[in-house]
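Student: According to numbering that gives the first Met the number 0, the sequence shown is numbered sequentially starting from 0.
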Amino acid sequence: MRAVLHAITTGGDERRGHLCDAKLAVNTALRVANSGEEWYLAEHLRQGIKDVETRLRDAS
């Protein structure tokens, strides 16, 4: 969660590093989710990361 929030609130190359960390953390969370709620939260975080990446590409 912290990596996702850092990716949202930082800029430039630092944001890209946090996005990479966030993607790894969310992928792990999706694999080890013990309930539908955990999976649902991880999936929404994954979608948020994709949205941030899209905005970065569009801004470039």
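The beta carbon of each residue, even a glycine, is placed where N, CA and C say it ideally should be.
1) For His17, collect the residues of the same chain with a Cβ closer than 7 Å to its Cβ; drop the 5 residues on either side in sequence, then sort them by chain order.
2) With burial defined as no fewer than 16 other Cβ atoms inside 10 Å of the residue's Cβ, what is the status of Val25: buried or exposed?
3) Roughly how many whole angstroms lie between the Cα atoms of Ile63 and Trp38?
4) To the nearest angstrom, how far is it from the Cα of Glu36 to the Cα of Gly11?
5) Enumerate, from N- to C-terminal direction, the unbroken alpha helix (DSSP H) stretches of 4 or more residues contained entirely within the region 14-56.
Tutor: Straight from the coordinates:
1) Ala2, His5, Ala6 and Thr9
2) buried
3) In the structure as shown, the chain starts at 0 and stops at 59, and residue 63 therefore has no counterpart that could be examined.
4) 32 Å
5) none
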